[in-house]
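K.L.:
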Amino acid sequence: MVLLYNLSVILIIWTLISRNAGSKVYTASYNGDLDEVRQLTAKNCADVNTPYEGGDGKNTPLHVAAKINHTQIVMLLLSCNADPDKKAADGLTALMFASQIGTVDVANILLGAGAGIDIKQETGWTALMLASYNMRTKIGKALVNAEAKLDLQQKDGRTALMMASNNNHLSAVEVLISAGADTNIQQEIGWTALIFSVNRGHLAVTKELVESGANLNIKTHKGETALHKAAEKNRKEEIGIFLQHGADVSIETNAGETAESISRKNGFADLLKLIQQYTDAKGHVVADITLEEQLIDISAKSLLMHVIYLMMIGILFIGMIAFCCYIYKLRKRNKQLSLQIHMVTFNNKERRENEHIYDDADENIYDEAKDYIHEN
């Protein structure tokens, strides 16, 4: 019993000492203090894998050095047998942290040290998915060159290609497709990389996927194809691309809707016209009318309508200016006429007053003459 008690005490003391030493290595790595890390690891290399029980939770010195891009510390820790595949509290490895944040040099160092490329986090994230999602093209290329598995899926079924397509990361899409990524994998509700791209309106990514042979007629769990999604979102350019590459316009969703009926329901007149003009009565694509002609025709008519609309606005504007000028001139004329009337009234009044004076003077002269005659 005494021996067992002593061994327990020794183990507890050793754990406390190791944890304290590990926290010092973690702190030095976090601060980018290379000399301090070198001194600490020279005493005890085992401390490099001790997680720090604080801060953001159970990260090792290698995790924090990878996140903050301390390349020399990363190399020192690896030379001291730091485990590149040890997971942090959130399930990410050092390579995943580098792929997420974009620390290219650290990622290359970890790959060179043999870090696991296809390790999955609890929800299914891999380093390649994190690089694709966060638009880290250089790291994505490095992972592809290191033969990372391209078509691994998360728990919800998403792949690295789906994430790149959804986030409009064209360069990542090109890298993944050129390396052989499957464009037709479906996630848990049946969406493909193409449907993700169409849904977000990423035209360049959509073109790349279509030209790389993505299946246009794959249906989701709701029975929707990429064409239905484009019609729902009023994506005229995407509709044109799909029609040109042979999309089946007769496919109905689980609710019985076609791309044409969706366009009609939502009032997308140009889209409806494009679909109708480019297909025959049976819903087959018409080969004798090119897509470019249809798009040019619709664009020209739309342009003409805009020109007519602008002309009408211009005419209305000119009319308003003319009306304002007419009102101004009319008011000016009325003002002049009022002034003239006032002057005439004033002159007439003055004349009448003068005539009244003259009449009084004549009457006085007449009375004086009458008195003179009477006296004589």
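Numbering (mature numbering (1 follows the signal peptide of the UniProt record, and there is no 0)), first residue to last: -22 to -1, 1 to 354. By construction, the Cβ of each residue, glycine as well, lies at the ideal position given by its N, Cα and C atoms. In this text, all values refer to a predicted model and were calculated from it rather than measured experimentally.
#1: Can you tell me whether asparagine 193 is helix, strand or coil according to DSSP?
#2: With distances taken from CA atoms, which of Gly191, Lys243, Ala209, Phe174 is nearest isoleucine 155?
#3: Note down, in chain order, each residue of its chain lying with its Cβ closer than 6 Å to the Cβ of leucine 106, except the 5 sequence neighbours on either side.
#4: Measuring CB to CB, does leucine 88 end up less than 8 Å from alanine 60?
#5: Tell me which residues share the same chain as glutamate 230 and place their Cβ nearer than 8 Å to its Cβ, disregarding the 5 neighbours each side in the sequence.
#6: Determine the direct distance from the alpha carbon of isoleucine 296 to that of threonine 115, and round the result to whole angstroms.
#7: Report the option in Gly80, Leu18, Ser57, Lys36 whose CA atom is closest to the CA atom of alanine 44.
#8: Taking the alpha helix (DSSP H) that tyrosine 30 falls in, what are its first and last residues?
#9: Can you give me the Cβ contacts of residue 359 inside the same chain, cut-off strictly under 8 Å, excluding the 5 residues immediately before and after it?
#10: Using three-state DSSP, classify threonine 19 as helix, strand or coil.
#11: Return the CA-CA distance between valine 52 and aspartate 25, expressed in angstroms with no decimal places.
#12: According to DSSP, is asparagine 112 helix, strand or coil?
#13: Please classify lysine 197 as buried or exposed, where buried requires at least 16 neighbouring CB atoms within 10 angstroms.
#14: Comparing alpha-carbon positions, which option in Leu128, Thr184, Gln132, Gly158 lies nearest leucine 148?
#15: Can you have a look at phenylalanine 301 and say buried or exposed, based on whether 16 or more other CB atoms are within 10 angstroms of its CB?
#16: On a Cα-Cα basis, can you pick out the residue from Gly102, Ile117, Tyr8, Ile291 that is closest to valine 153?
#17: Please tell me whether phenylalanine 246 and asparagine 212 are closer than 8 Å, where the distance is taken between their beta carbons.
#18: Could you spell out where the alpha helix (DSSP H) holding aspartate 248 opens and where it closes?
P.N.:
Walking through what the data contain:
#1: It is coil, neither helix nor strand.
#2: Gly191
#3: Leu121, Ala126, Ala138
#4: no
#5: Closer than 8 Å at the Cβ level, and outside the excluded window around glutamate 230, lie Gly201, Thr236.
#6: 55 Å
#7: Gly80
#8: Premise fails: tyrosine 30 is in no alpha helix (DSSP H) and is neither H nor E.
#9: Here the chain comprises residues numbered -22 to 354, so residue 359 is not present and cannot be evaluated.
#10: Note: threonine 19 maps to helix in three-state DSSP.
#11: 14 Å
#12: It is coil, neither helix nor strand.
#13: buried
#14: Thr184
#15: exposed
#16: Of Gly102, Ile117, Tyr8, Ile291, the residue nearest in Cα terms is Ile117.
#17: yes
#18: The continuous alpha helix (DSSP H) containing aspartate 248 extends over residues 247 to 256.
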